[in-house]
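Down below is the structure, laid out as C-alpha cells.
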Amino acid sequence: MDRLKALIERVARSLRTGPGVRSPGANPNAPPLPMLRPCSWSVGGHAALMAFLLIGFATRIQTDEPAFGTIAIDGVVLDDEAVQREIQRLDELERAAVIEREQEVERLLEKIEEQQERQRQQEQELSALSSQAEQARQTLSEQQAEASRQLSAMQQQQQTERERLAQVERERQEEEERARAAEAERQAAEAERQRAEEQTRRLAEEAEAAQRQIEETERRRREAELAERMRREMAEERRNEAIESGQLDEYKARIRQRIESNWSPPGGIPKGLRWVVLLDILPGNEVDGIRFEAFNGTETDRRYIETAIRRSSPLPAPPIPELFERQMRLRYPPTEAGE
Amino acid sequence: MKLRYVVGGKVCPPGGEGVPPSTRTRRPRSRALCLAILALLPLAASAQLDIVITRSTQRAIPIAVVPFEWRVTLGLPYDFAEIVEADLERTGQFAPRGRETMITRPTRFSEMRLTNWRIMDVEAVLVGHVSGTEANPTVEFELVDVYAGESLLVYRLQSSRDAFRATAHRIADLVYEQLTGARGMFSTRLAYVQVTPGREEFRLIVADADGQNPIVVLRSTDPIMSPSWSPDGAYLAYVSFEAGYAEVFVQEVATGQRRPLSPDRTSASAPAWSPDGRFLAVARNVNANSDIYIYPIDGGSPRRLTRHSATETEPEFSPDGERVYFTSDRGIGPQVYVVPARGGQAQRVSFTGSYNARPRLQPDRNQIAVVHQQDGRFRIGLMDLRDESLRLLTDGPLDESPSFAPNGRALIFGAGTTAGRGLGVYFIDSGVMRLLRAPEGILREPAWGPYEN
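Right, dumping it as C-alpha cells:
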C-alpha cells in the first residue's frame, strides 16, 4: 500500500508541475506566453487521464477491503488451512496484478516524463526564440528611441535657429522704426520752424497792413467828412434854391394831386371827417408805413384813405434829391392846416 | 425846431414866418439866414413834408367778381357772380373788370397773387365757390382788399334751387355793405303800376329790386295808383278807382287778400304807412277839399291831421313817426309842409322855386326828395332840410313819384324822359341813373320796399 501511495504522489506531483511550466528567463510576474499555451493544455490532458485511471483504481481497491471482511466473517466455517492457502493464492494473485500494474504505471510514467521532457525542450526552444525576439525588439526600440532623440535634437536646433533669426529681424525692424521716427521728428521740427517763421512774417505784415488801413480809414473818414459837409452844404443850398424857386410847392402839389385822385370813398367824403396820417417813405419814394395820428371816421373811411395812399405809392419823385424826406404828413380837411 | 410848410406854398423857416420868399431873397439879411439854416442842418434832416388833402375824386371803384367755381356734382352751373356783378355795377359805384381780363380765377384769398390784381388796378376781389347739392347748394365767398392784402369778408350762404337769384342779391348786399359802409338794397322789392297801351288794363306789379321776376298782384280796368309798402313788406296799400272814385285798399302781398281801408268807403288817396305799421296817413277828400287823415290800420276811426281850405295831400311819416310831411298849395303853388303826427301847426319846409311836391324822406339823413317843377319840367330834386338847399337830380321833363331805397343811397321814380318812359333808379353816391323799361306800356308810381331780412 505504501508504494501505491508513493506512486500516486508522484503522479500528483507531476500533474501539479505540468500546467505550471513556465518559460525560463521570463518575468515571474508576467503571464505565460500565448504561444506555449496549447502545449501545456496537451500536457494537462494527459495528466488528467492519468489521474483518472489512478483514482479509479484506488477506489476499487478501497471497496474491496470491506468485502474481505465479510468473507472473513463467512470464513468461520472454513478450515484455516484452506484459508491460508486461499489467502496465499490470493496474495499471489494480487501481487502479480500489482506488479503488472506497477509496471504499467511505470511505463505510463516514463511516457509522461518523456512527453514532459519533449515539452521542456520545446519550451526551452520557444524560450530561446522568444528571448531572441525580445532581444530584437529591444534593439529596434532602442534604435527608434535613438532616432527620435536625434530628430528631437535636430528640431530643437532648428527652433533655436529660427528664434535667433526672428530676434535678428526684430532688432533690424526696431532699428528702422527708430530711424523713421527720428526722421519724422526732424521734419516736424523743420515744418514747425517754418510755420513759426511764416507766422511771424504774416503777423508783421498784418500789423503793417492794419496800420496802413487805420491810416487810410482815417484819411478817408476825414475826406468823407469833408465831402459830406460840402455835399450837405451844397444840398442845403440846392434845397433852399428849390424852396425859393417854388419847386418844393410843385412837388408837394404833385403828391397832393396823386393822393386826391386815388382817394375815392364810394359815398363821397363824409361830412365832418378829419384825419392826419404820418407816412414813412423809402428812398424809392415808396410808402412804407401808414400811421393815423388823428381820425374820426368809420372803418370804411379809414380803408379808403389807406387804399388811396397805397395806390399812390411810389409817390412822385422830388425834382431834386435834396427835397426827399423820410416822413410825410397828410391831413384833411384843409382848414386845420394852419395850426 | 423844424421847417414847416403850410398850404399856399409859403416857406416858413424859423424866424421867417409868413414872409413871401420873393421878398425875402432880395434882402441882404437872407444870406445870413441861409447860413443860419446851414448851421441847423442836423435838425433840418428831420423835416417832414406836410401835405394837405383838399378833396376826393368821385370814381367807380375797380373791382373784380371772379366766377364762382361750381363744385356741385350734378346740375347746370348757376352764375351767381354774374348777378352780383350786375348788382354792384348798376350802382355806378363800382367798375367790375371783365372776366376776360382775369389771368386766374381763384376761389379763395389764399390762392390769390395780389400783385396780379394790383397790375389790373383792382382794389377789391370777390371770389367763391358753390358746393353741395343742386337742390340746396352752399355758396362760400370771400372779399379781398387787394391793397391792404387782407380778407374783408368770409361768408357762407345756404341756397336752394328756387332762390339762386335771391342768394346772389344777398351776396351783393354783403359786398356792398363791406365796401361802402351802407347796407345793401339788392334783396329788396319794388312795387309799381303798369299801364298797358291804350289804357285797357292797369296792373299792380311787385318785382325784385333789379326789375326781375315781376309778379302781377292786381289787375284792373280802372286806374290803380300810389302803391305803398307796409314797413314789414307784407302789405301794400294803394288807391283803386274800381268803385268809380279813389279808394284806399290794403292787400297782403303773399296771398293777394285785400280789403278797403275805410269801412265807410270814403274817397281817399296817397296812402302812407306809419313806421310802426299801425297807421296809414291818407289824403281824404271831403266836400271837394283834401286834408290829411290818420287811419288806424285795424279799422278804427280816422283822425284828421290838417284842416285847411287848400289841397293837402301826399303825406309821409318821418322815420321816427313823430311828424308828417305833406304837400300843400296853401301858399303860392304846392310846397312841402310838416306837421306833428299828434296834430298841431303845420310849417313850410321847401322854399326853392314855386313847385315842390310829394316829399319822401331819405332814411338817416336830413334830406327830402321832391318833385320839382320849373319852366314846365318836372324833375326830381334832393332838398337838404338843414340849409333848405335843393339839388336837382334828374332832367325830367315828366319825372314823378320819387321813392327811396331803404338804405337811402338810391331812389326810384317814374321817369318821363324825352327818350321814353320807365322807372328811373338814381344812385345818389355815384350820380348814375338807370332806366327800367317794360316791353310794353308805361311804368309809373314806383315804391321801393323795405329790407326783407
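If you read the protein sequences in the order shown, they are chains R and W.
For reference, each letter of the first sequence is one residue, going 1 to 339 in the numbering used here.
For reference, each letter of the second sequence is one residue, going 1001 to 1453 in the numbering used here.
Positions of the beta carbon are idealized from the N, C-alpha and C atoms, including for glycine.
Residue i to residue j span [Cα, whole Å]
i	j	result
Gly-1128/W	Asp-1364/W	33 Å
Ile-290/R	Arg-1099/W	33 Å
Ala-97/R	Gln-116/R	28 Å
Glu-1085/W	Gly-1422/W	23 Å
Arg-1090/W	Pro-1062/W	13 Å
Ala-253/R	Asp-1145/W	28 Å
Thr-1057/W	Asp-1429/W	12 Å
Leu-1463/W	Leu-1280/W	Any property of residue 1463/W remains undetermined from this structure, which presents chain W solely from 1001 to 1453.
Ala-1172/W	Ala-1166/W	10 Å
Phe-1413/W	Ser-1226/W	12 Å
Ala-1163/W	Gly-1408/W	26 Å
Glu-363/R	Glu-236/R	Chain R is shown only over 1 to 339; residue 363/R falls outside these bounds and no answer can be derived.
Arg-1444/W	Ala-1438/W	11 Å
Gln-1374/W	Arg-1360/W	19 Å
Gln-88/R	Ile-112/R	35 Å
Pro-1077/W	Arg-1105/W	16 Å
Val-1339/W	Arg-1284/W	16 Å
Gly-1431/W	Gly-1092/W	8 Å
Leu-203/R	Ala-209/R	10 Å
Glu-176/R	Glu-183/R	11 Å
Leu-1435/W	Pro-1446/W	12 Å
Leu-1455/W	Gly-1376/W	Past the edges of chain W, shown from 1001 to 1453, lies residue 1455/W, and the structure says nothing about it.
Phe-1326/W	Arg-256/R	46 Å
Gln-143/R	Leu-126/R	25 Å
Cβ-based burial, residue i [other Cβ within 10 Å; buried from 16]
i	result
Ser-1110/W	exposed
Phe-1351/W	exposed
Val-1403/W	Here residue 1403/W is Ser; the residue named in the question, Val, does not match the sequence. So Ser-1403/W counts as buried.
Gln-1178/W	buried
Asp-1387/W	exposed
Thr-1107/W	buried
Gln-1335/W	buried
Ala-1288/W	exposed
Gln-1194/W	buried
Ala-1341/W	buried
Gly-284/R	exposed
Met-234/R	exposed
Val-287/R	buried
Asn-1136/W	exposed
Asn-262/R	buried
Thr-1306/W	buried
Asp-1320/W	exposed
Min CB distance residue i to chain R below 8 Å
i	result
Leu-1049/W	yes
Tyr-1147/W	yes
Asp-1329/W	no
Min CB distance residue i to chain W below 8 Å
i	result
Glu-293/R	no
Arg-303/R	yes
Thr-217/R	no
Thr-347/R	No answer is possible for residue 347/R: the residues shown for chain R start at 1 and end at 339.
Near the ligand COA: residue i beta-carbon under 7 Å from a heavy atom
i	result
Glu-1123/W	As far as ligands go, the structure on display features none, and thus does not contain the ligand COA.
Q | Residues in the region 1173-1204 of chain W having any Cβ partner in chain R nearer than 7 Å | A | Leu-1179, Thr-1180, Gly-1181, Ala-1182
Q: Check distances from the C-beta atoms of the region 1115-1128 of chain W to those of chain R and list, in chain order, the residues that come in under 7 Å.
A: Glu-1123
Q) Closer than 9 Å, Cβ to any Cβ of chain W: which residues of the region 248-276 of chain R, in chain order? A) Leu-248, Asp-249, Glu-250, Tyr-251, Lys-252, Ala-253, Ile-255, Arg-256, Ile-259, Glu-260, Ser-261, Asn-262, Trp-263, Ser-264, Pro-265, Pro-266, Gly-267, Gly-268, Ile-269, Pro-270, Trp-275
Q. Do the region 1103-1119 of chain W and the region 1202-1210 of chain W make contact, defined as three or more Cβ pairs closer than 8 Å?
A. no
Q) Just by C-beta distance, which residues in the region 307-336 of chain R are closer than 7 Å to chain W? A) Thr-307, Arg-310, Arg-311, Glu-325, Gln-327, Met-328, Arg-329, Leu-330, Arg-331, Tyr-332, Pro-334
Q: With 7 Å as the C-beta to C-beta threshold (strictly closer), list the residues of the region 1053-1076 of chain W near chain R in chain order.
A: Ile-1053, Thr-1054, Arg-1055, Ser-1056, Thr-1057, Gln-1058, Arg-1059, Ile-1061
Q.
Using a Cβ-Cβ cutoff of 7 Å, what residues of the region 1086-1102 of chain W are near chain A? List them in chain order.
A. In the structure shown, chain A does not exist; the protein chains are R and W.
**Q.** the region 297-304 of chain R / the region 326-336 of chain R touching (three or more Cβ pairs under 8 Å)
**A.** no
Q | Validate contact between the region 1289-1305 of chain W and the region 1252-1265 of chain W using beta carbons, cut 8 Å, 3 pairs | A | yes
Q.
Residues of the region 1377-1396 of chain W in Cβ contact with chain R at a cutoff of 9 Å, in chain order, please.
A. none
(Q) Would the region 264-280 of chain R count as touching the region 216-228 of chain R if we require 3 or more Cβ pairs under 8 Å? (A) no
(Q) Using a Cβ-Cβ cutoff of 9 Å, what residues of the region 1419-1437 of chain W are near chain R? List them in chain order. (A) Ile-1428, Asp-1429, Ser-1430
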